[in-house]
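Have a look at the structure below, then the notes.
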Amino acid sequence: MSPRLIDDRVQAKTRGVVEGNGKAHQPFRDPQLDPERRIDDLLSRLTLDEKIACLSTNPSVPRLGIKCSGHVEGLHGLALGGPGKWGGDDPLPTTTFPQAIGLAQTWDPELIEKVAEVEAYECRYYFQSPKYGRGGIVVRAPNADLGRDPRWGRTEECYGEDPFFNGTMTIAFVRGLQGDHPRYWRCASLLKHFLANSNENGREHSSSDFDQRLFREYYALPFRMGIVEGGSRAFMAAYNAHNGIPMHVHPVLKNVAVREWGQDGIICTDGAGMKLLVEHHKYYKTPAEAAAWIVKAGIGQFLDKHTEPTEEALAKGFLTEADIDDVVRANFRVMFKLGLLDPHAQAP
Numbered sequence: 004m005s006p007r008l009i010d011d012r013v014q015a016k017t018r019g020v021v022e023g024n025g026k027a028h029q030p031f032r033d034p035q036l037d038p039e040r041r042i043d044d045l046l047s048r049l050t051l052d053e054k055i056a057c058l059s060t061n062p063s064v065p066r067l068g069i070k071c072s073g074h075v076e077g078l079h080g081l082a083l084g085g086p087g088k089w090g091g092d093d094p095l096p097t098t099t100f101p102q103a104i105g106l107a108q109t110w111d112p113e114l115i116e117k118v119a120e121v122e123a124y125e126c127r128y129y130f131q132s133p134k135y136g137r138g139g140i141v142v143r144a145p146n147a148d149l150g151r152d153p154r155w156g157r158t159e160e161c162y163g164e165d166p167f168f169n170g171t172m173t174i175a176f177v178r179g180l181q182g183d184h185p186r187y188w189r190c191a192s193l194l195k196h197f198l199a200n201s202n203e204n205g206r207e208h209s210s211s212d213f214d215q216r217l218f219r220e221y222y223a224l225p226f227r228m229g230i231v232e233g234g235s236r237a238f239m240a241a242y243n244a245h246n247g248i249p250m251h252v253h254p255v256l257k258n259v260a261v262r263e264w265g266q267d268g269i270i271c272t273d274g275a276g277m278k279l280l281v282e283h284h285k286y287y288k289t290p291a292e293a294a295a296w297i298v299k300a301g302i303g304q305f306l307d308k309h310t311e312p313t314e315e316a317l318a319k320g321f322l323t324e325a326d327i328d329d330v331v332r333a334n335f336r337v338m339f340k341l342g343l344l345d346p347h348a349q350a351p
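Counting from 4, one number per residue, gives the positions in the sequence shown under this note's numbering.
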């Protein structure tokens with residue numbers, strides 16, 4: 004372990020005593036302050052260990068009494084039951100709608116928005132109910148990918164093969180999940196899987212190759228519509244590469260999604276995405292290198308066991324604490340929009 008990490012853990016004990024006695028004076032808890040100032044204050048209070056922990060899908064900070072939300076699946080209703088074990092050994096009933104490809108057959112964006120609104124209320128209820136306290140309010144939906152081949156294993160998750168139609172349905176589902184309150188979201192809509200993730204065989208290492216026109220007018224269009232017009236501030240990177248560069252470390256994450264479209268919230272890996280960069284894409288030799296470049300690319304949530312690779316990346320100088328701060332900040336922007344750091348009575 005690096006001296007920096009050892010020193011950080013010693014300082015954490017001291018911080019815990021000071022903050023435990025001065026809770027009322029912590030600016031990050033003040034809903035009247037600008038959110039970026041609140042996040043500045045919060046980051047200044049986090050130890051390096053806590054920042055690394057916030058690179059998971061749930062950036063809660065128990066020492067500071069901060070309860071955030073992890074992810075749930077919700078392409079056609081909140082998943083808290085059944086064979087997928089989303090409900091664990093104690094499934095909970097939720098409203099199940101037709102799969103997304105079936106919802107698309109309505110050709111009715113207003114109906115899609117109502118479906119997502121019902122789901123969002125159920126997510127909120129189970130998440131914040133004292134009786135249940137289950138699930139989450141960061142919802143992995145909708146799938147803005149294009150369904151180009153029925154043999155693709157995610158065809159049932161998407162709305163079809165037309166980019167404008169998919170984008171229109173994506174906007175509706177995002178708005179239904181997030182709601183229209185001027186300050187707070189019911190849930191956060193996490194789009195997937197950016198980008199061109201529409202073939203089944205070899206999707207963990209293959210490259211989807213095409214020019215800028217196809218990027219802008221076809222594959223990326225539903226995501227742009229969901230972010231720019233729908234207001235989503237979260238998405239999942241795809242397993243595949245685009246023009247030879249794996250999407251988990253592709254420059255378009257920052258250059259297009261963040262800088263052009265204004266996506267300033269969560270970007271996450273797909274499941275075991277870091278591992279695939281090493282073992283399938285063979286783009287990096289070690290998990291530490293993969294973890295470092297994932298963060299540098301703008302991704303702030305891992306669906307991998309990321310702690311040790313991230314610590315190694317820091318120790319070897321592949322990554323800096325400032326790099327981690329940038330992406331953890333983006334995670335907390337979403338948590339503030341969900342009202343999770345504000346008084347309960349203030350966030351409807």
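Backbone N, C-alpha and C define an ideal beta-carbon position, used for all residues, glycine too.
Values in this document were obtained by computation on a predicted structure and should not be read as measured data.
Whole-angstrom distance between Leu-67 and Asn-24, CA atom to CA atom: Confidence is the limiting factor: at Asn-24 the pLDDT is only 43, short of 50, which leaves the residue's position unreliable, though a coordinate-based value still follows. Straight-line Cα distance between these residues: approximately 11 Å.
Can you give me the C-alpha to C-alpha distance between Tyr-129 and Arg-137, rounded to a whole angstrom? 5 Å
How would you write the range of the alpha helix (DSSP H) that Ala-240 sits in, first residue to last? Per DSSP, Ala-240 belongs to no alpha helix (DSSP H); it is in the beta strand (DSSP E), 237 to 240.
Is the beta carbon of Thr-272 closer than 8 Å to that of Phe-305? yes
Reduced DSSP category for Arg-189 - H, G, I as helix; E, B as strand; rest coil: coil
Quick check: what's the CA-CA separation for Lys-340 versus Leu-193? 14 Å
Taking 6 Å as the limit between beta carbons, can you name the residues of its chain near Lys-54, skipping five residues before and five after? Ile-327, Val-331
Boundaries (first-last residue) of the beta strand (DSSP E) holding Phe-339: Segment 324 to 340 is the alpha helix (DSSP H) holding Phe-339; no beta strand (DSSP E) there.
From Leu-343, Pro-94, Cys-57, residue whose alpha carbon lies closest to that of Glu-324: Cys-57
In whole angstroms, what is the alpha-carbon distance linking Cys-161 and Gly-77? 12 Å
Along the alpha helix (DSSP H) that carries Val-121, what are the first and last residues, could you check? 112 to 131
When Pro-38, Pro-62, Glu-39, Asp-37 are compared against Leu-49, the one with the closest alpha-carbon: Pro-62
Identify the residues that DSSP records as bridge partners of Lys-195: which are they? Asn-146
With respect to the beta strand (DSSP E) encompassing Val-75, which residues constitute its N-terminal and C-terminal limits? 74 to 76
Per-residue DSSP class, three states only, for Asp-248: For the sequence presented, residue 248 should be read as Ile rather than Asp. If DSSP states are grouped into helix, strand and coil, Ile-248 belongs with the strands.
Determine the burial state of Trp-155: buried for a count of at least 16 other Cβ atoms within 10 Å of its Cβ, exposed for fewer. buried
Identify the continuous alpha helix (DSSP H) that holds Ile-270 and give its terminal residues. Run containing Ile-270: none in the alpha helix (DSSP H); it sits in the beta strand (DSSP E), 269 to 271.
Would you say Leu-180 and Ala-119 are within 8 Å of each other, going by their C-beta atoms? yes
By DSSP's criteria, Ser-211 is part of a beta bridge. Which residues make up the other side? His-245
From Glu-1 to Ala-316, what does the alpha carbon distance come to, in whole angstroms? Outside the displayed range of the chain (4 to 351) lies residue 1, so it cannot be described from this structure.
In this structure, does DSSP put Arg-32 in helix, strand or coil? helix
Assuming the contact rule is C-beta atoms closer than 8 Å, Phe-197 and Phe-168 should be a hit. Round their C-beta distance to whole Å, please. In fact, because the Cβ distance is near 18 Å, the residues do not count as touching under 8 Å.
State the CB to CB distance for the pair Arg-206 and Asn-258, rounded to an integer number of angstroms; the pair is presumed to be in contact (CB under 8 Å). Not really, about 23 Å apart at Cβ, beyond 8 Å.
Would the beta-carbon of Thr-97 fall within 8 Å of that of Gly-84? yes
Would you mind working out which of Val-75, Glu-113, Ile-104 sits nearest Glu-125, comparing C-alpha positions? Val-75
Just to confirm my understanding: we take Ala-348, look at its own chain, exclude 5 residues before and 5 after, and list those with CB closer than 8 Å. What are they? none
Does the separation of the CB atoms of Thr-173 and Gly-229 fall below 8 Å? yes
Between which two residues does the alpha helix (DSSP H) holding Gly-276 run? 276 to 282
What residues in its chain sit with their C-beta under 8 Å from that of Val-21, if we drop five residues either side in the sequence? A caution first: Val-21 carries a pLDDT of 42, below 50, which makes its placement in the model too unreliable to give a value.
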